[in-house]
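In the numbering used here, the protein residues as written are 7 to 603.
The C-beta atom is built at its ideal place from N, Cα and C for all residues, glycine as well.
In what follows, a structure is listed as structure tokens, so that the remarks can point back to it.
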Ligand SMILES: Cc1cc2nc3c(=O)[nH]c(=O)nc-3n(C[C@H](O)[C@H](O)[C@H](O)COP(=O)(O)OP(=O)(O)OC[C@H]3O[C@@H](n4cnc5c(N)ncnc54)[C@H](O)[C@@H]3O)c2cc1C
């Protein structure tokens, strides 16, 4: 098939909102290749043998320990999955590189150090570097001989990264840029060899530079005392007339924002992957504890209250996984199509991540909040012991919290989700408008009660279709009513982002089950069916609440009544005994004494 046809047929970023997805568009983890399974196992064994036994020493920031672990990971190829072979990497597909982040996610501080090195540390040079820059730095970063770090944030510019104050001034001889300023919260900052740093040329043109640790006028601050991920190095960076050779300008002068924002798309998806890996590990720890702790002469895993928590963890984790690999495969396929069109490696990789930037933001929000939920309930299952540092869940609880803050806070990501959809609609890239109009038309027509529901998953498919209508109706009405002022109505935007995120994850879970039913007998997918149906059932209420809060914030009178009625119709779901479903889900995991990695 020609690339033009592949691209035409493949679902575009945000398009799932207005187009029904099929199983052919959907990659599921059950379809991992033999090699991908091996990579997954390798990550698990690296974590079990090299990282987790050293967790106390890592937490104490033992000098040299984290760099040596990164080097070991490099020796096993775990730092170079997405780096081409000619630059010393393994040149693996995007799904495999996502698997590495997932597989090592349970290492928390280590996982953060690794993700900062392979992601924001390495990718700016890999994707925006000149041939000379790539040849000089990438092979050493791929093996872990050199460690990488990324300095964007400053004391007064975090979410508003472009308001950075660090300056870069060309030296009189034209050979150097002299950097002056300060960066803060820099992961791997205490030991990195190479830094991508952003500064404004002449105080105006936001630009990226490659710095080496030995450059004059460059100093690193003390390690921060943090709430969690204590084993991850986080320092401030200071530049005082720090001379950076002009050949170390990364990308174009004044185009640093392109680097900063594009790298974040991939970082967000990878953060979702690491959160997934961590969630699975912690759920396993909680299940194991529940299977050993007795109260009232009963194993606590036998109590419905505890089973409910275990099942809810499993639902969140499994749904996050379904969406993560669906998007990772989309990115890989889009990248392949761009490559076949003749785009160079970096443009294909960045173009594919940009295409699915909306989904990357959703994965970040969902994954980080899933993990916070899982660690919180894991502490609860441990009771008082969960509050003790002798148990690993206590550390995980603190370590998890950072995920909602970095790679763009979850508020910023929620705002971006809606902003990107609306911008693509305005540019004609996504035909949201006509679909929103047709849903609005449906509101004033006689409801369609009579859709035939004979197929195996017809009721669930209809539910997801209706969810999408709820979003289109709410967002469409908000845009029409508030027009340009919608941008300042952040509360409404947050609700719409939540509706979109829940719906995307619901659809991903549904398609995974439909695809599984094509592969296996229906009686062998009871666990997955229960998870998907439980999620859809809860999602209907979440959508209804978010939609109601949004509508009540901008509509009045007849319009309000009509929209609320529409919302009720679009979020209606058949009665479902979620208690029994959750008992079955938990029962399977408790019997296995783990969450399968
Ligand atoms: C442990 C750790 C490691 C980090 N590693 C790195 C790193 O390696 N490199 C790097 O460059 N940075 C790093 N950071 C910085 C991180 O990316 C920022 O902390 C983050 O982007 C938020 O910026 P901020 O802390 O200035 O918060 P602020 O931007 O001040 O935000 C404060 C609050 O206001 C909200 N807010 C801000 N703007 C808006 C808006 N427009 N609308 C609505 N709400 C808004 C935020 O969501 C947040 O809740 C790290 C931070 C930590 C804590």
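Residue(s) in a DSSP beta bridge with residue i
i	result
residue 212	206
residue 130	Note: residue 130 sits in no beta bridge, so no partner.
residue 189	243
residue 218	200
residue 304	301
Ligand 1 heavy atom lying under 8 Å from the CB of residue i
i	result
residue 504	no
residue 24	no
residue 425	no
residue 228	no
residue 64	no
residue 232	yes
residue 403	no
residue 195	yes
residue 166	yes
residue 163	yes
residue 248	no
residue 284	no
residue 188	no
residue 496	yes
residue 415	yes
residue 157	yes
residue 122	yes
residue 238	yes
residue 421	yes
residue 412	yes
residue 235	yes
Beta-carbon proximity check, residue i vs residue j, cutoff 9 Å
i	j	result
residue 576	residue 487	no
residue 593	residue 313	yes
residue 285	residue 377	yes
residue 384	residue 292	yes
residue 618	residue 570	Because the chain is modelled from 7 through 603, residue 618 falls outside the range shown and cannot be assessed.
residue 389	residue 400	no
residue 449	residue 438	no
residue 423	residue 368	yes
residue 200	residue 131	yes
residue 31	residue 42	no
residue 282	residue 21	no
residue 382	residue 403	yes
residue 256	residue 202	yes
residue 136	residue 192	no
residue 194	residue 311	no
For residue i, three-class secondary structure by DSSP
i	result
residue 400	helix
residue 541	helix
residue 143	helix
residue 228	coil
residue 421	helix
residue 561	coil
residue 603	coil
residue 182	strand
residue 390	helix
residue 155	strand
residue 174	strand
residue 497	helix
residue 450	coil
residue 160	strand
residue 256	strand
residue 251	strand
residue 362	coil
residue 138	helix
residue 436	coil
residue 581	coil
residue 55	helix
residue 93	helix
residue 125	helix
residue 150	coil
Environment of residue i [buried if 16+ CB atoms lie within 10 Å]
i	result
residue 462	exposed
residue 452	exposed
residue 514	buried
residue 209	exposed
residue 231	exposed
residue 141	exposed
residue 233	exposed
residue 108	buried
residue 358	buried
Minimum Cβ-Cβ distance from residue i to chain D less than 9 Å
i	result
residue 373	The displayed structure is made up of one protein chain only, and chain D is not part of it.
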